[in-house]
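A quick write-up on the structure given underneath.
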Amino acid sequence: MSMTLLGEAPSQVAQFHRDQRYQILPAYVQDGIVLLCDFCSSTDATVFEDLVTQAFQRCGRWPGPESVVIGNASFDHTERLTQMCKDAGVSNLPPPYPPNLNPIEWLFAEFSSFIKRHWNHYEQNPEQRFDNFLEWCIREY
Numbered sequence: 477m478s479m480t481l482l483g484e485a486p487s488q489v490a491q492f493h494r495d496q497r498y499q500i501l502p503a504y505v506q507d508g509i510v511l512l513c514d515f516c517s518s519t520d521a522t523v524f525e526d527l528v529t530q531a532f533q534r535c536g537r538w539p540g541p542e543s544v545v546i547g548n549a550s551f552d553h554t555e556r557l558t559q560m561c562k563d564a565g566v567s568n569l570p571p572p573y574p575p576n577l578n579p580i581e582w583l584f585a586e587f588s589s590f591i592k593r594h595w596n597h598y599e600q601n602p603e604q605r606f607d608n609f610l611e612w613c614i615r616e617y
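Under the working numbering, the letters of the sequence shown match residues 477 to 617, in that order.
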């Protein structure tokens, strides 16, 4: 919120313009990220199922390490995805409640903080395009 003196027109300086919305889908395990995809479109069940199929190649079988798929969107728990997980020998568990116990939420909070800390890299060179900056953040994180 900004304030101005009575009688003066308020002004706002926007430092960030959203031309497009970028999505980040991580496959996250206790040891870190095993797969991370970023793209410029919306996420739906088909996109998520594709990520999960790729993540299965890096997952162990239940109850071994890296064998649990946890999602926090409604399409993360479809019948098709549940069957895909069963066929791959992994468990599709709902995220813990409350959200502050969900490891995905922790990851996104940390990653968002990383982007904010390194925002000056983008501001100093906006010609690099935001998607390139985002990919740099993913590699460096």
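By construction, the Cβ of each residue, glycine as well, lies at the ideal position given by its N, Cα and C atoms.
{"query": "Is the stretch 521-530 close to the stretch 550-557, with three or more CB pairs under 8 Å?", "result": "yes"}
{"query": "In whole angstroms, give me the CA-to-CA distance for S589 and T529.", "result": "29 Å"}
{"query": "Rounded to whole angstroms, what is the Cα-Cα separation between L527 and R497?", "result": "19 Å"}
{"query": "Quick check on P541: buried or exposed, where buried means 16 or more other Cβ atoms within 10 Å of its Cβ?", "result": "exposed"}
{"query": "Between R534 and S517, what straight-line distance do the alpha-carbon atoms span, to the nearest angstrom?", "result": "25 Å"}
{"query": "Which residues mark the beginning and the end of the beta strand (DSSP E) in which Y504 is found?", "result": "Q499 to V505"}
{"query": "I'd like to confirm the pairing. Which residues does DSSP put opposite L511 in its beta bridges?", "result": "A503"}
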